[in-house]
Amino acid sequence: MATLTLGAADLVRRRGLRQMRSVALALLVLAAVIYVATLHRAGGWAYLNAAAEAAMVGALADWFAVTALFRRPLGLPIPHTAIVPTRKDSLAESLEQFVTENFLSEEVVAEKMRTAQVSRRAGEWLADGNHAERIVAEGARTVGAALPKLGDDDVSAFVRGSLLPRFVKEPLSPIAGHFVQSVVEDGAHHALLDLLMVEAYDWLANNRELLADVIGPRAPRWSPQWVDRIVVDRIHREALAWLADVRDNQAHPARRAVDRLLAQLADDLQHDPDTMERFEAWKARMLTHPDMGNSLTAVWDAMRTALIGAIEDPNSALRLRAIKTLQDLGHRLQNDETMRTKVDDRAAEAVGYVVRTYGTEIVSVISDTIERWDGREAAARIELHVGRDLQFIRINGTVVGALVGLTIHTLSQLV
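If you count the sequence shown from 1, position 96 lands on 95 in numbering that gives the first Met the number 0, and the numbers rise without skipping.
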């Protein structure tokens, strides 16, 4: 046997192989002893002698067959022996083809992914808070280690050399128009308008004097101050009333006017050449401004600092929210059959694509690995895995040979 580096499992296999070899050899020796002991004896001993003789023939024949797979029996250069060492490359190619056709086909792998219920198992795993926290912790550790390595110079070079020039060249007007259209159709701008009205009302309610400072100098010189105060108070009350009405009335004409304005803007950004040209010109001026690169780099630096701080804090809102999101996803995967079906289908499609595109490269590891092995090493490795079971062929050959020999001798006596 070739010299191998054996692991614990290989040592167990080698012990099992040696034990079964000993059993098979013991049966052969037993048959030989019985044969010699009953030779030239008449009566019932002749039957036993015939059985022992046939048992030896069967044992030796099967020993030859099993041994010939891995080495030359007795070292003799008999044709078609030592099959594994001499034909390992062709055997590896056949094994590779067998695995490809029967195990690594797109249909087989995709169906296995669907029946494995990966989404349900993933949901059960994610629903456990400890598992979700572990994922977030590992992700935070990875991101936390990567972010500091992104230097300001690298980010600035990317922004100035790639990002901004790309945005300048790409026509963004249709994209902006489609975005505004989606906002209007979904009513997403209503929340922003609500916030603006609330803030405007609160600011005006608390800053009457600023309003008076604006209106006072514009009053006629002949107007008494008490009249000016009455006018300011009236304007202040009417402005507050109007803001409150816009704030509280979702059907207010001002709100409808904003909706129409945004809808028209969205349409113009997508279809009106003049509006599109002005937007692209404004975009180019803004993106090519000398301070734009510095501003984006400063924004990135601030975001990175804040993100690192949130990532490193186990109790930060970001990490707690991430854990909660993963747990919610786990619960949905457990309870939402439609979602599970979609996830399993997508996983099956993804695995099918990998098998279809890279299956040949994946399974080629079989032939590539075996081709690198020495012939005797390959035979030794394979024998460690299947040799123990092959010894049962020798044992069965001994037993079957004895039964056949006994049967033939019995029939010959009857005839």
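Glycine included, C-beta positions come from ideal geometry on N, C-alpha and C.
Alpha helix (DSSP H) containing residue i: first to last residue?
i	result
F391	374-413
R70	No alpha helix (DSSP H) holds R70; DSSP gives it neither H nor E.
E348	336-371
V98	82-101
K111	105-114
P164	163-168
P289	289-311
N129	128-145
T274	272-286
Q249	Note, Q249: premise wrong, no alpha helix (DSSP H); not H, not E.
L38	Taken as a continuous stretch (DSSP letters only), L38 belongs to no alpha helix (DSSP H), as it is neither H nor E.
P78	Where P78 is concerned, there is no enclosing alpha helix (DSSP H), given that its DSSP letter is neither H nor E.
G176	172-185
Are the beta-carbon atoms of residue i and residue j separated by less than 8 Å?
i	j	result
L103	V362	yes
S427	E92	The shown model of the chain, from 0 to 414, leaves out residue 427, and the question about it has no answer.
S172	F278	yes
R331	M338	yes
M19	R387	yes
L16	L383	yes
L415	A204	There is no way to answer for residue 415, as the model of the chain reaches only from 0 to 414.
A58	T406	no
M291	L163	yes
R207	H235	yes
V167	A283	yes
Taking the C-alpha atoms as reference points, what is the distance between residue i and residue j?
i	j	result
V98	A139	40 Å
E237	D258	24 Å
I229	D185	43 Å
L68	S118	45 Å
E52	T85	33 Å
V115	Q96	For clarity, residue 115 is Ala in the given sequence; the question names Val instead. Each residue's alpha carbon lies about 25 Å from the other.
E376	K87	10 Å
V353	G308	38 Å
L325	A131	6 Å
T340	A265	37 Å
H251	F178	24 Å
A25	A31	10 Å
A262	V135	41 Å
F157	T287	15 Å
L191	A253	14 Å
A36	L27	14 Å
H39	R71	35 Å
V56	V350	52 Å
G143	D9	42 Å
G122	Q333	5 Å
A60	V108	42 Å
Y34	E106	57 Å
At least 3 beta-carbon pairs within less than 8 Å: the segment 190-199 vs the segment 280-296 = no
task = Decide yes or no for the touch test of the segment 144-164 against the segment 314-321: beta carbon pairs closer than 8 Å, at least 3 of them.
result = Contact between the segment 144-164 and the segment 314-321 is absent, because fewer than three Cβ pairs lie under 8 Å.
ask   = Contact between the segment 390-399 and the segment 72-91: three or more CB pairs below 8 Å?
value = no
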